[in-house]
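Trainee:
There are 2 protein chains.
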Amino acid sequence: MQVTMLASMEHKSLSGMDCSVAQCLEVVGEWWSMLIMRDAFLGVRRFNEFQSRLGISSNILQRRLDRLVETGVLAKVRYSDHPPRNEYRLTNKGFDLWPVLDAMRQWGDRYAAPGGPPLLIVHDGCGSVCETIQVCSSCGVSIDPRGISVVAGPGRSGEDLIPKRPITESGR
Amino acid sequence: MQVTMLASMEHKSLSGMDCSVAQCLEVVGEWWSMLIMRDAFLGVRRFNEFQSRLGISSNILQRRLDRLVETGVLAKVRYSDHPPRNEYRLTNKGFDLWPVLDAMRQWGDRYAAPGGPPLLIVHDGCGSVCETIQVCSSCGVSIDPRGISVVAGPGRSGEDLIPKRPITESGR
DNA sequence: CAGAATAGGTTCTATTATGCAAGTGACTAT
DNA sequence: ATAGTCACTTGCATAATAGAACCTATTCTG
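In structure tokens, the structure reads:
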């Protein structure tokens with residue numbers, strides 16, 4: 006699998022990595038990136054607003070925003086020329102990170118929210134507070150790792166695949 | 006929102022943080038953690054196997070494994086007493102991180118896999134290569150951020166919520 | 001018009017984490 | 001007896017981070 010470096014630790018790229026999870030981490034795996042994206046989904050756009058909500062130092066925020074723009078998940082949009090002012094908005098590529106963020110939110114709600122979930126999601130379509138469940142795109146049935154098999158795709162040799170076997174401590 | 010620190014950077018905890026995404030990142034937000042979990046889902050169990058697949062140094066691997074055990078997503082299971090040998094298996098809590106990993110994989114496949122997806126998922130139930138889609142747990146319809154509203158839950162005051170507005174550069 | 005405030009940064013330094021290499025202890029295989 | 005494996009642990013140089021101060025342009029306030 007040849008991972009050499011995780012998420013580009015401020016620039017060492019792991020280009021050759023043939024794993025999509027690692028590719029995703031290269032974009033949003035740095036220390037504050039995911040929280041910046043979360044705030045972007047909540048409607049935050051401006052430097053100062055990110056900074057005050059996150060409590061991050063401005064130099065780090067600047068580097069993260071620059072990198073998120075560079076990798077194409079945020080776009081720097083000028084909204085005033087006269088004091089030169091920019092805001093950061095999600096691109097479509099950034100918007101598509103929603104399932105990742107949503108999955109993290111649900112996991113955190115379940116395992117690390119003793120006072121109940123901090124945020125609730127209301128599905129406008131049906132009007133109810135809901136969770137997100139994962140279903141198979143072919144048959145629409147709910148899926149989890151126990152009901153799937155992993156095979157090598159076009160982007161990899163498959164030599165390093167381990168034969169299917171129980172993966173949890175309880176032997177599932 | 007009061008984030009003070011992202012993912013515990015090797016131990017500074019951000020205890021008071023009322024955001025489930027941040028809570029999740031505190032467990033798997035460190036540099037190699039998510040890739041270790043990915044390998045665990047692929048069936049990797051032993052120290053040496055993680056090390057050789059990831060190309061990570063042994064001291065860092067040790068610290069990551071210890072932390073993943075400490076936070077309860079991996080379990081250290083003794084499989085030999087006589088040379089004392091342990092392996093690391095997913096707990097149920099770790100197993101439930103699957104949607105996060107899967108979402109990252111799909112995003113990476115879409116935006117960072119020029120040679121095609123490195124791995125394909127076959128749904129054993131229907132036998133076809135498939136993707137995962139997210140649907141509303143109430144009505145079963147596919148959802149994305151445009152069709153939902155966010156409201157404060159029991160775990161938060163809601164004061165810092167931003168009124169719903171377009172979040173992408175294209176004004177959606 | 002002077003002075004304070006705001007937005008969006010940049011620069012500096014101390015602290016902290018990482019990567020690499022080497023070493024340890026308990027065995028096992030030859 | 002010697003070499004090798006597995007699961008760690010330690011030390012050290014390097015790199016990334018946090019925190020604070022500083023900077024520039026512009027607007028607001030008195």
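Those sequence lines, one after another, are chains A and B. Residue numbering for the first sequence follows our numbering, beginning at 6 and increasing consecutively. Residue numbering for the second sequence follows our numbering, beginning at 6 and increasing consecutively. Think of the CB as a built atom: it goes at the ideal place given N, C-alpha and C, for glycine as much as any other residue.
(1) Helix, strand or coil: how does DSSP classify residue 51(A) here?
(2) Using the Cα positions of residue 33(A) and residue 40(B), report the straight-line distance between them to the nearest angstrom.
(3) Out of curiosity, what's the CA-to-CA distance linking residue 45(B) and residue 114(B)?
(4) Just how far apart, CA to CA, sit residue 15(A) and residue 130(B)?
(5) Comparing the C-beta of residue 74(A) with each C-beta of chain B, is any distance below 8 Å?
(6) Rounded to whole angstroms, what's the CA-CA distance from residue 167(A) to residue 49(B)? Just pull it up for me.
(7) Which bits of chain A does residue 30(B) rub up against, with CB to CB less than 8 Å?
(8) Does residue 29(B) come out as helix, strand or coil in the three-state DSSP assignment?
(9) Would you mind giving the Cβ-Cβ distance between residue 92(B) and residue 78(B), rounded to the nearest angstrom? I have them listed as a contact below 8 Å.
(10) Taking 8 Å as the cut-off, decide whether the C-beta atoms of residue 123(B) and residue 24(A) are in contact.
(11) Are the C-beta atoms of residue 68(B) and some chain A residue less than 8 Å apart?
(12) Closer than 9 Å by beta-carbon distance: list the chain B residues that pair up with residue 84(A), in chain order.
(13) With 9 Å as the C-beta to C-beta threshold (strictly closer), list the residues of the region 122-143 of chain A near chain B in chain order.
(14) Would you say residue 97(A) lies against chain B (beta-carbon separation less than 8 Å)?
(15) Any beta carbon from chain B within less than 8 Å of residue 161(A)'s own beta carbon?
(16) I'd like to know if residue 170(B) contacts chain A, where contact means its C-beta is closer than 8 Å to some C-beta of that chain.
(17) Helix, strand or coil for residue 80(B)? Go by DSSP, reduced to three states.
(18) With distances taken between CB atoms, is the gap from residue 109(A) to residue 29(B) smaller than 8 Å?
(19) I want to verify the contact list: residues of chain B whose CB lies under 8 Å from the CB of residue 174(A), in sequence order.
(20) Can you list, in chain order, the residues of its chain whose CB lies under 7 Å from that of residue 138(B), leaving out five sequence neighbours each side?
(21) I need the straight-line Cα distance from residue 43(A) to residue 111(A), nearest angstrom please.
(22) Looking only at DSSP bridge pairs, what is residue 167(B) linked to?
Mentor: The relevant details are as follows:
(1) Here residue 51(A) sits in coil by DSSP.
(2) 13 Å
(3) Going by the C-alpha atoms only, they are around 20 Å apart.
(4) Note that residue 15(A) scores a pLDDT of 41, beneath 50, so its modelled location is shaky and nothing firm can be said.
(5) No - not a single Cβ of chain B is within 8 Å of the one on residue 74(A).
(6) 8 Å
(7) 39, 40 and 109
(8) Looking at residue 29(B) - three-state DSSP - the assignment turns out to be helix.
(9) About 15 Å; that fails the 8 Å criterion.
(10) yes
(11) With 8 Å as the cut-off, residue 68(B) does not count as an interface residue toward chain A.
(12) Within chain B, no residue comes near residue 84(A); the closest Cβ sits about 12 Å away, beyond 9 Å.
(13) 122, 123, 124, 125, 126, 127, 128, 129, 130, 131, 132, 133, 134, 135, 136, 137, 138, 139, 140, 141, 142 and 143
(14) yes
(15) yes
(16) yes
(17) strand
(18) Contact annotation: residue 109(A) and residue 29(B) have beta-carbon atoms nearer than 8 Å.
(19) 80, 82, 94, 95 and 96
(20) 147
(21) 13 Å
(22) Paired residues: none, contrary to the question.
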